[in-house]
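Numbering (my numbering), first residue to last: 830 to 1090. Just below is one structure, and these are the notes that go with it.
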């Protein structure tokens, strides 16, 4: 099985999870042939709007922490003497000798050319910030799947780790599901619970869900290959959808004693 992973530009949360997946799916039976990254801010309508949204949500302190970590990881990546690091998506790809590409728009001819080049059997969306069109989805003979950090069908949409904390949930989950035309829709292929502790911040919960998501994804890939997937309906009747948090949502979040970092 040849796998193409589609993700977003990130050097804070995704690289460690990606490294776990690459380490496990790196054999003659399952092989990641290509990792493709697209701009993280595409869900916000551009870089400027995205940065402003983050400042309004995380505050100047939280945004400064994120910027510091991003710059730190870029420096560590550039000055690392080996490829044995997870400071970026590119460094993870290099460590496992996997081709790495950046594409601004997924539903374009450039991405179809990559599919032609690597002939993957299945597409894995790992926090991909763009909706993947039907023409792209139809190119993969074994289908397309997505990893979402919530107990679908609940908490569809953006920033589920924020919303489960804001809504005072005691447990969340990670879901692997089929990709369809609708956001976070499609049959559920795997779901793993993630306990929420009183000490969890948004940052710590994102890290926990990414780690559990990597394990769930590895198991799902192997179940697909072995034709042993147990599908569950992702019922619209039980779905809830959340968009990017507002200033009011931030106030409620902080009033509960929760922190971002």
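For each residue, glycine too, the CB sits at the ideal point set by N, CA and C. In this text the structure is predicted, and so the values were computed from the model without any measurement.
Where residue i falls, given that 16 or more other Cβ within 10 Å makes a residue buried
{"i": "residue 1103", "result": "Outside the displayed range of the chain (830 to 1090) lies residue 1103, so it cannot be described from this structure."}
{"i": "residue 820", "result": "Residue numbering for the chain in the displayed model covers 830 to 1090; residue 820 lies beyond these limits and cannot be assessed."}
{"i": "residue 956", "result": "buried"}
{"i": "residue 897", "result": "exposed"}
{"i": "residue 884", "result": "exposed"}
{"i": "residue 1034", "result": "buried"}
{"i": "residue 886", "result": "buried"}
Neighbourhood of residue i by C-beta, 6 Å cutoff - its chain only, sequence neighbours within 5 removed
{"i": "residue 991", "result": "1031, 1074"}
{"i": "residue 862", "result": "831, 947, 949"}
{"i": "residue 894", "result": "1090"}
{"i": "residue 860", "result": "831"}
{"i": "residue 1087", "result": "994"}
{"i": "residue 864", "result": "834, 922, 927, 929"}
Proximity winner among the options, relative to residue i (alpha-carbon distances)
{"i": "residue 906", "options": "895, 896, 919", "result": "919"}
{"i": "residue 1041", "options": "857, 936, 998, 1004", "result": "1004"}
{"i": "residue 983", "options": "1063, 941, 937, 909", "result": "1063"}
{"i": "residue 959", "options": "1068, 855, 1013", "result": "1013"}
{"i": "residue 938", "options": "986, 1057, 1024, 968", "result": "968"}
{"i": "residue 1059", "options": "940, 1048, 944, 1068", "result": "1048"}
{"i": "residue 964", "options": "943, 936, 985", "result": "936"}
{"i": "residue 1026", "options": "1001, 1045, 1043", "result": "1001"}
{"i": "residue 1029", "options": "1070, 889, 1085", "result": "1085"}
{"i": "residue 882", "options": "836, 988, 942, 855", "result": "988"}
{"i": "residue 899", "options": "961, 942, 842", "result": "842"}
{"i": "residue 1043", "options": "838, 836, 837, 846", "result": "846"}
{"i": "residue 961", "options": "1024, 1010, 1061", "result": "1010"}
{"i": "residue 876", "options": "838, 858, 1078, 940", "result": "838"}
Residue range of the beta strand (DSSP E) that includes residue i
{"i": "residue 973", "result": "973 to 977"}
{"i": "residue 863", "result": "860 to 867"}
{"i": "residue 954", "result": "951 to 955"}
{"i": "residue 1022", "result": "1017 to 1024"}
{"i": "residue 832", "result": "831 to 837"}
{"i": "residue 1009", "result": "Where residue 1009 is concerned, there is no enclosing beta strand (DSSP E), given that its DSSP letter is neither H nor E."}
Same chain, Cβ closer than 7 Å to residue i, neighbours up to 5 away in sequence not counted
{"i": "residue 933", "result": "867, 868"}
{"i": "residue 966", "result": "973, 1008"}
{"i": "residue 1081", "result": "995"}
Same chain only: Cβ atoms within 8 Å of residue i, ignoring 5 sequence neighbours per side
{"i": "residue 917", "result": "840, 844, 902, 903, 906"}
{"i": "residue 1006", "result": "974, 975, 977, 981, 1013, 1014, 1015, 1016, 1017, 1018, 1063"}
{"i": "residue 914", "result": "905, 906, 920, 924"}
Distance cut-off 6 Å: residue i Cβ against heavy atoms of the ligand MN
{"i": "residue 967", "result": "This structure lacks the ligand MN; in fact it carries no ligand of any kind."}
Unbroken alpha helix (DSSP H) run spanning residue i, endpoints
{"i": "residue 811", "result": "A question about residue 811 goes unanswered here, because the residues of the chain that appear run from 830 up to 1090."}
{"i": "residue 934", "result": "Taken as a continuous stretch (DSSP letters only), residue 934 belongs to no alpha helix (DSSP H), as it is neither H nor E."}
{"i": "residue 1059", "result": "From DSSP, residue 1059 is part of no alpha helix (DSSP H); its letter is neither H nor E."}
{"i": "residue 923", "result": "918 to 924"}
Report task. Could you tell me whether the region 846 to 863 touches the region 912 to 927, where touching means 3 or more Cβ pairs closer than 8 Å? Result -> The region 846 to 863 makes contact with the region 912 to 927, as at least three CB pairs between them are under 8 Å.
Query raised in the report: Do the region 1042 to 1060 and the region 1006 to 1019 make contact, defined as three or more Cβ pairs closer than 8 Å?
Result: A contact between stretches requires three or more CB pairs, one per stretch, nearer than 8 Å, and the region 1042 to 1060 meets this requirement with the region 1006 to 1019.
**Report entry** Any 3 or more C-beta pairs closer than 8 Å across the region 992 to 999 and the region 966 to 975
**Finding:** No, they do not touch.
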